[in-house]
Amino acid sequence: MQAFTKLTGIAAPLPIINIDTDMIIPKQFLKTIKRSGLGKNLFDEMRFEADGKEIPDFVLNKEPYRKASILVTGENFGCGSSREHAPWALLDFGIRCVIAPSFADIFHNNCFQNGILPVQLPQDQVDQLMEDASRGREISIDLEAQTVKAGNKQFSFNIDALRKDRMLKGLDAVGITLQHQSDITAFEQQRKANQSWT
Amino acid sequence: MTKAKTLYDKIWEHHVVKTLPDGTAILYIDRHLVHEVTSPQAFEGLRMSGRKVRQPSSTLAVADHNVPTSSDRLKGIKEEESRIQVEALSENTKEFGIQYFDMADKRQGIVHIVGPEQGLTQPGMTIVCGDSHTSTHGAFGALAFGIGTSEVEHVLATQTLLAKPSKNMKIEVTGKVGFGVTPKDIILAVIGVTGTAGGTGYVMEYVGDVFKQMSMEGRMTVCNMSIEAGARAGMVAPDETTFAYLKGRPMAPQGKAWDEAVAYWRTLPSDEGAQYDKTFTLDGSKIAPQVTWGTSPQDVLPITAIVPNPADIADENHRASLERALNYMGLKPGTKLTDVPVDKVFIGSCTNGRIEDLRAASQVIRGRKVAKNVYAMVVPGSGLVKEQAEKEGLDKLFRDAGFDWREPGCSMCLAMNEDKLQPGERCASTSNRNFEGRQGRGGRTHLLSPEMAAAAAITGKLADVRELVR
Chain A
274 MQAFTKLTGI AAPLPIINID TDMIIPKQFL KTIKRSGLGK NLFDEMRFEA DGKEIPDFVL
334 NKEPYRKASI LVTGENFGCG SSREHAPWAL LDFGIRCVIA PSFADIFHNN CFQNGILPVQ
394 LPQDQVDQLM EDASRGREIS IDLEAQTVKA GNKQFSFNID ALRKDRMLKG LDAVGITLQH
454 QSDITAFEQQ RKANQSWT
Chain D
-13 MTKAKTLYDK IWEHHVVKTL PDGTAILYID RHLVHEVTSP QAFEGLRMSG RKVRQPSSTL
47 AVADHNVPTS SDRLKGIKEE ESRIQVEALS ENTKEFGIQY FDMADKRQGI VHIVGPEQGL
107 TQPGMTIVCG DSHTSTHGAF GALAFGIGTS EVEHVLATQT LLAKPSKNMK IEVTGKVGFG
167 VTPKDIILAV IGVTGTAGGT GYVMEYVGDV FKQMSMEGRM TVCNMSIEAG ARAGMVAPDE
227 TTFAYLKGRP MAPQGKAWDE AVAYWRTLPS DEGAQYDKTF TLDGSKIAPQ VTWGTSPQDV
287 LPITAIVPNP ADIADENHRA SLERALNYMG LKPGTKLTDV PVDKVFIGSC TNGRIEDLRA
347 ASQVIRGRKV AKNVYAMVVP GSGLVKEQAE KEGLDKLFRD AGFDWREPGC SMCLAMNEDK
407 LQPGERCAST SNRNFEGRQG RGGRTHLLSP EMAAAAAITG KLADVRELVR
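From first to last, the protein sequence lines are chains A and D.
Counting from 274, one number per residue, gives the positions in the first sequence under the working numbering.
Counting from -13, one number per residue, gives the positions in the second sequence under the working numbering.
1. Who are the near neighbours of D:Q27 in its chain, counting only those whose CB is closer than 6 angstroms to its CB and skipping five residues on each side?
2. Name, please, each residue of chain D whose Cβ falls closer than 7 angstroms to the Cβ of A:L303.
3. What span of residues does the alpha helix (DSSP H) with A:P360 cover, start to end?
4. Quick check: the segment -9 to 9 of chain D against the segment 270 to 284 of chain D, are there 3 or more CB pairs under 8 angstroms?
5. Of the residues A:Q462, A:S429, A:I432 and A:E404, which one's Cα is nearest the Cα of A:I283?
6. Anything in chain D within Cβ reach of A:A434, meaning under 7 angstroms, just list it in chain order.
7. Return no unless some Cβ of chain A is closer than 8 angstroms to the Cβ of D:Q349.
8. List the whole-angstrom C-beta distance separating D:G95 from D:G367, where the pair is believed to meet the contact cut-off of C-beta under 8 angstroms.
9. From the DSSP output, in three-state form, read off D:W391 for me.
10. Check whether the segment 8 to 19 of chain D touches the segment 431 to 447 of chain A, taking contact to mean three or more Cβ pairs, one atom from each stretch, closer than 8 angstroms.
11. Taking a cut of 7 angstroms between CB atoms, which residues from the segment 370 to 384 of chain A lie near chain D?
12. Under 8 angstroms Cβ to Cβ from D:R235, same chain only, skipping five residues before and after it: list those, please.
13. So, with DSSP's three-state summary, where would you put D:Q240?
14. Which two residues bound the contiguous beta strand (DSSP E) that contains A:P391?
15. By a C-beta neighbour count over all protein chains shown, 10 Å radius and 16 as the cutoff for buried, is A:I328 buried or exposed?
16. Report buried or exposed for D:A347, applying the criterion of at least 16 other Cβ atoms within 10 angstroms of its Cβ.
17. Say whether chain D places a C-beta atom closer than 8 angstroms to the C-beta of A:P299.
18. For A:Q398, would you say it is in contact with chain D, using Cβ-to-Cβ distances shorter than 8 angstroms as the test?
19. Output the distance between the C-alpha atoms of A:G367 and A:E336, rounded to the nearest integer angstrom.
20. Would you please verify whether the beta carbon of A:T471 is less than 8 angstroms from any beta carbon of chain D?
21. Closer than 9 angstroms between beta carbons: that is the criterion. Which residues of the segment 127 to 138 of chain D meet it against chain A?
22. Could one say the Cβ of D:S282 lies closer than 8 angstroms to chain A's Cβ atoms, at least one of them?
23. On a Cα-Cα basis, can you pick out the residue from D:G369, D:E81 and D:D285 that is closest to D:M89?
24. Taking all protein chains shown into account, do 16 or more other C-beta atoms lie within 10 angstroms of the C-beta of A:P233, making it buried, or fewer, making it exposed?
25. Between D:D450, D:G426 and D:A441, which has its C-alpha nearest A:F298's C-alpha?
26. Could you spell out where the alpha helix (DSSP H) holding D:H542 opens and where it closes?
27. Compute the Euclidean distance between the alpha carbons of D:N154 and D:P409, then round it to the nearest angstrom.
28. Taking 7 angstroms as the limit between beta carbons, can you name the residues of its chain near D:M111, skipping five residues before and five after?
29. For A:Q401 and chain D, any beta-carbon pair shorter than 8 angstroms?
30. Taking only runs of the beta strand (DSSP E) that begin and end inside the segment 215 to 300 of chain D, which ones reach a length of at least 3 residues, in chain order?
31. Which of the three DSSP states, helix, strand or coil, is assigned to A:I457?
32. Could you confirm whether any beta carbon from chain D is found closer than 8 angstroms to the beta carbon of A:R320?
33. So which residues of chain D does A:G347 contact, with C-beta pairs closer than 7 angstroms?
34. Once DSSP output is grouped into helix, strand and coil, what is the label at D:P102?
35. So, is D:T24 buried or exposed, given that buried needs 16 or more other C-beta atoms within 10 angstroms?
36. Just mark D:V455 as buried or exposed, buried being the case when its beta carbon has 16 or more other beta carbons within 10 Å.
Right under this line is the structure:
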């Protein structure tokens, strides 16, 4: 996983609530057996006509947002299906940070597995950043300091300590867990003894 | 005296292998279900890092999302990408020693129908799958939730997950539900109250007489859609109904182990006085048959209602969302829901593809014909559901009425195979999501119960099943 420390970049405004993972990456693109290459289909049905032509009004089809590395969006972002293809598509497009008032649970977990930082801020702060984003101003995120800056505004965000550490170092979760392998083995032996049917 | 605990608290505590300094737990996972869409990259990850599956015998795989539902499917999957994905699952399960039900196996079906059917799903267990509707298994008093592909790899490699505990939410539905009101209507009504994000950060426990008296099939329908309220999981306390359903199933404990298991399962229900962080209470007697009108499961109303008006919404973001939904759905404010014509009817999915669902729908169509403007299909949730339905003659009832009777799979719930809506087509569907494009680009989905779907097939529009069956 790619580490996340600091990021300054163009933020695409997407002021829609309840964006689901079917919108982020429609099912016809889930047939891949790879993780890469999904960026061209990110938000496919909002971004392209059925014949593949760009829909000019969609934010990622406009300058400077074709190069966006941040997404500012509405509440409950990433609801619905557990498909990790959603963060894979965001990452492949170049999005490393999503700022929203709230996130759906599974999508939120999936972001941390892929070096995408989901930043949760109160609605009024998201509204201010949405304004910056729609004016094409850059936004800066500092994970170590847990801050988001735009112009002369600065907001703080919360993050779990373990997740922060993993993101900063780009650590793989399986590797962390396997350091505790003997605890897992002991747990399994105890369960076998007490609950044979499991 | 020890603190009173919820069902969720107990299962969580019983599965914590170790708590890390920041409070993250290494949580042991008892059962892992695997399907073809969210697993190939996880197996590839294992291969790249030279890791094995830690507990192959705790893992069960089945292809469901991509499989065709046509009768000639054993000749092979025509769509190349789908075929490759299904073949990859077959090869991966062989390589890593995991049991796999292929399309020729009558036990094949939707992963969330297959697990309970085989007795793999048991009370008190932690169960995961790379699929958000894993919440279905909570109907047995298990802690079951969906995960992404990286976490699938994590579970394959370690039989654990890194997680923090959720909060407890109680969903209480009191009283007695009326005629024509099904578990699907109850969960849709619940989501109408909580909203699609109301459950975020929580595990929901469904309590009250309505759930106590519900069959396992009904409880599965309810728990299945917990994710549509944003919850990590949904659960119903195990009871005699649960034990009766499980007894004798191939993967359920047998003999002495069965007795030990039941004794343990009886300790699981929430203690008297257990604390919940949030409670919603609904009066079951006030719930009418439900139907969605928009593009989120929370966009739901009784069938007797009219399409809402964005002008009535004060909040700007929510008003914009409603306008977008009505535009997508091609609906005008004030239209009676019973005046909305449908083009297709889909009965199936992990929400409503079980035998009880097919029985219920068949009672509505008995002796009637599908309306001329409608194509209607039934997709049984598994080969065993299909076999049972055929034994009971339900297939004949459906076929005589003009329904298409298909092979098992996820089918038009998410339209990854050939079964999909064309742009602008409107579907009465027993599935779980009415998102934009969910059943096919530009397709319009109305979620409802199997009985209501049957009523829509007969009348050619959204209809109140209570008017058809008295």
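Note that CB positions come from ideal geometry on N, CA and C, so glycine has one too.
Let's see:
1. Working through the second sequence from its first residue, we reach residue 27 of chain D at position 41. Once the five neighbours on either side are set aside, the close Cβ partners of D:Q27 are T135.
2. By one-based count along the first sequence, residue 303 of chain A stands at place 30. Simply V23 and M402.
3. The sequence position of residue 360 of chain A within the first sequence is 87, counting from 1. It spans H358 to F366 - the alpha helix (DSSP H) in which A:P360 sits, taken as one unbroken run.
4. no
5. Mapped onto the first sequence, residue 283 of chain A falls at position 10. Taking only the C-alpha atoms, the option nearest A:I283 is A:E404.
6. Residue numbering aside, residue 434 of chain A sits at position 161 when the first sequence is read from its first letter. Going along chain D in sequence order, the residues near A:A434 (Cβ under 7 angstroms) are D8.
7. If you number the second sequence from 1, residue 349 of chain D lands on position 363. The beta carbon of D:Q349 does not come within 8 angstroms of any beta carbon belonging to chain A, so the residue lies off that interface.
8. By 1-based counting over the second sequence, the position of residue 95 of chain D is 109. By 1-based counting over the second sequence, the position of residue 367 of chain D is 381. So it is a contact: roughly 5 angstroms between Cβ atoms.
9. On the second sequence, position 405 is the one that residue 391 of chain D refers to. Three-state result, D:W391: strand.
10. yes
11. S375, A377, D378, I379, N382 and N383
12. As a first step, residue 235 of chain D is located in the second sequence; it is residue number 249 there, counting from the start. The residues are E103, Q104 and G105.
13. Numbered from its first residue, the second sequence carries residue 240 of chain D at position 254. D:Q240: coil per DSSP, three-state reduction.
14. Stepping through the first sequence from its first residue, residue 391 of chain A is reached at position 118. First-last of the beta strand (DSSP E) with A:P391: L390 to Q393.
15. One-based indexing of the first sequence puts residue 328 of chain A at position 55. Exposed, because fewer than 16 other Cβ atoms sit within 10 Å of the Cβ of A:I328.
16. What you label residue 347 of chain D is simply residue 361 of the second sequence in a count that begins at 1. It counts as buried.
17. Walking along the first sequence from the start, residue 299 of chain A turns up at place 26. At least one chain D Cβ lies under 8 angstroms of A:P299.
18. For the purposes of this step, residue 398 of chain A is taken as the residue at position 125 of the first sequence. No, A:Q398 does not count as interfacial toward chain D.
19. As a working note, residue 367 of chain A is residue 94 in the first sequence. As a working note, residue 336 of chain A is residue 63 in the first sequence. Going by the C-alpha atoms only, they are around 15 angstroms apart.
20. On the first sequence, residue 471 of chain A is found 198 positions in, with the first residue counted as 1. So yes, A:T471 belongs to the interface.
21. F131, G132, I133, G134, T135, S136, E137 and V138
22. What you label residue 282 of chain D is simply residue 296 of the second sequence in a count that begins at 1. Judged by the 8 angstroms Cβ criterion, D:S282 is in contact with chain A.
23. For the purposes of this step, residue 89 of chain D is identified with residue 103 of the second sequence, where counting begins at 1. Looking at the Cα atoms, D:G369 is the closest of the given residues.
24. Residue 233 of chain A is absent from the model: chain A starts at 274 and stops at 471.
25. Within the first sequence, the letter at position 25 stands for residue 298 of chain A. A small fix is needed here, since residue 298 of chain A is Ile in this sequence, not Phe. A:I298 has its Cα closest to that of D:G426, out of D:D450, D:G426 and D:A441.
26. There is simply no residue 542 of chain D to check, as chain D begins at -13 and stops at 456 in what is shown.
27. Taking the first residue of the second sequence as 1, we reach residue 154 of chain D at position 168. Taking the first residue of the second sequence as 1, we reach residue 409 of chain D at position 423. For D:N154 and D:P409, the distance between alpha carbons rounds to 41 angstroms.
28. Translated into positions along the second sequence, residue 111 of chain D becomes position 125. Counting only Cβ-Cβ distances below 7 angstroms, and skipping sequence neighbours, we find D16, R17 and A128.
29. The residue given as residue 401 of chain A occupies position 128 in the first sequence. False, the Cβ-Cβ gap to chain D never drops below 8 angstroms.
30. You should have 219 to 221, 264 to 269, 276 to 278 and 286 to 288.
31. Translated into the one-based positions of the first sequence, residue 457 of chain A becomes position 184. A:I457 sits in a helix when the DSSP states are folded into three classes.
32. Here residue 320 of chain A refers to the residue found at position 47 of the first sequence. No, no contact with chain D.
33. Indexing the first sequence from 1 puts residue 347 of chain A at position 74. What A:G347 touches in chain D: N303.
34. As a working mapping, residue 102 of chain D is identified with position 116 in the second sequence. Under the three-state reduction of DSSP, D:P102 is assigned to helix.
35. Within the second sequence, residue 24 of chain D is the residue found at index 38, counting from 1. Buried, by the Cβ-count rule.
36. Counting from 1 along the second sequence, the entry for residue 455 of chain D is found at position 469. Exposed, since its Cβ has fewer than 16 Cβ neighbours within 10 Å.
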